[in-house]
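In what follows, a single structure is set out as structure tokens and then discussed.
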Amino acid sequence: MEAAQRHGFTPVVRQAGGRAAAYHRGTLIVDHIEAEAEAMMGHQARFTDFGELYARALQRLGVQARMGELAGEYCAGEHSVHGVPGPGARVDAPVKLIGTAQRVVAGAWLFSSVFVISESAPIRDVLDEVYQRMQIPWIHRPLGRLMTWFPGSASRTLPELY
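Set out below in structure tokens:
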């Protein structure tokens with residue numbers, strides 16, 4: 009907790025669970041909540057459906073996005089969405105762009121996604137120290153920000169890209 013606070017982050021327990029993640033004004037959290045009698049029955053399908061949905065949405069915007077875990081990513085998951093560098097890319101390796109998590113309770117589910125839109129450096133810095141202290145291996149390279157993937161995006165906001 010002290011490591012996170014030193015970097016200006018307030019530790020909290022995420023309702024969707026998962027490993028340590030960091031949010032700030034450059035991230036967008038999208039939560040889907042639904043009542044469902046047999047919520048556990050669709051657990052894996054929801055991960056796949058949302059991961060594929062986000063990857064397709066980014067593809068429509070011109071990002072070579074894929075669903076799948078990257079070696080050494082933070083809050084690792086096989087349904088993370090990452091960008092793959094293509095011609096003219098400003099990055100040289102795949103990077104995680106969207107992380108997903110899910111909490112299922114009796115009669116309902118919460119599916120939460122974090123989009124790193126901008127300013128990924130503070131997130132890398134805090135997670136580097138937090139993961140070291142928790143003795144969780146990770147490579148901070150596979151953490152990207154969506155704004156890197158859009159040509160001429162430095163002076164634009166995400167809604168302007170839609």
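If you're matching positions, the sequence shown starts at 9 in the working numbering and goes up one per residue. Glycine included, every Cβ here is placed at the ideal spot set by N, Cα and C. Since we're looking at a predicted model, the values are computed, not measured.
What's the call for residue i, buried or exposed, on a 16-neighbour Cβ count within 10 Å?
i, result
"Y170", "Note that Y170 scores 43 on pLDDT, short of 50, meaning its location in the model is unreliable and no value can be drawn from it."
"I47", "Checking the displayed sequence, the identity of residue 47 turns out to be Ala instead of Ile. So A47 counts as buried."
"R71", "Note on identity: in this sequence residue 71 is Val, with Arg being the wrong assignment. V71 should be labelled buried."
"P19", "exposed"
"T56", "exposed"
"H90", "buried"
"E81", "buried"
"T64", "Going by the sequence as given, residue 64 is Arg instead of Thr. It is exposed - the Cβ of R64 has fewer than 16 other Cβ atoms within 10 Å."
"Q143", "exposed"
"L135", "buried"
"R68", "exposed"
How far does the beta strand (DSSP E) with residue i in it reach, from first residue to last?
i, result
"L135", "No beta strand (DSSP E) holds L135; the alpha helix (DSSP H) holding it covers S128 to M142."
"A73", "A73 to M75"
"G91", "V89 to G91"
May I ask you to check if the CB of residue i is nearer than 7 angstroms to at least one heavy atom of the ligand SAH?
i, result
"Q67", "Absent from the structure shown: the ligand SAH. Ligands present: none."
Looking at the strands, I want to know which residues DSSP matches up with residue i.
i, result
"E42", "W117"
"I37", "V122"
"L151", "K104"
"V99", "BP columns for V99 are empty, so no partner."
What would DSSP say about residue i, mapped onto helix, strand or coil?
i, result
"G50", "helix"
"G107", "strand"
"T18", "coil"
Which two residues bound the contiguous alpha helix (DSSP H) that contains residue i?
i, result
"R27", "Premise fails: R27 is in no alpha helix (DSSP H) and is neither H nor E."
Leaving out five residues before and five after residue i in sequence, what residues of the same chain have Cβ atoms less than 6 angstroms from its Cβ?
i, result
"A84", "E77"
"G107", "C83, S88 and V122"
"A114", "none"
"S126", "G34, R153 and M155"
"I171", "Outside the shown range of the chain (9 to 170) lies residue 171, about which nothing can therefore be said."
Less than 7 angstroms between C-beta atoms, sequence neighbours within five positions excluded: which residues of the same chain meet that for residue i?
i, result
"E86", "G76 and E77"
"Y31", "I37 and V122"
Which same chain residues end up closer than 8 angstroms to residue i when comparing Cβ atoms and leaving out the 5 residues on each side of it in sequence?
i, result
"P102", "R74, L78, H90, G91, V92, P93 and P150"
"S58", "Rather than Ser, the amino acid found at residue 58 in this sequence is Phe. Here the set comprises H40, H87, T108, F119 and S121."
"G26", "C83, G85, G107 and A109"
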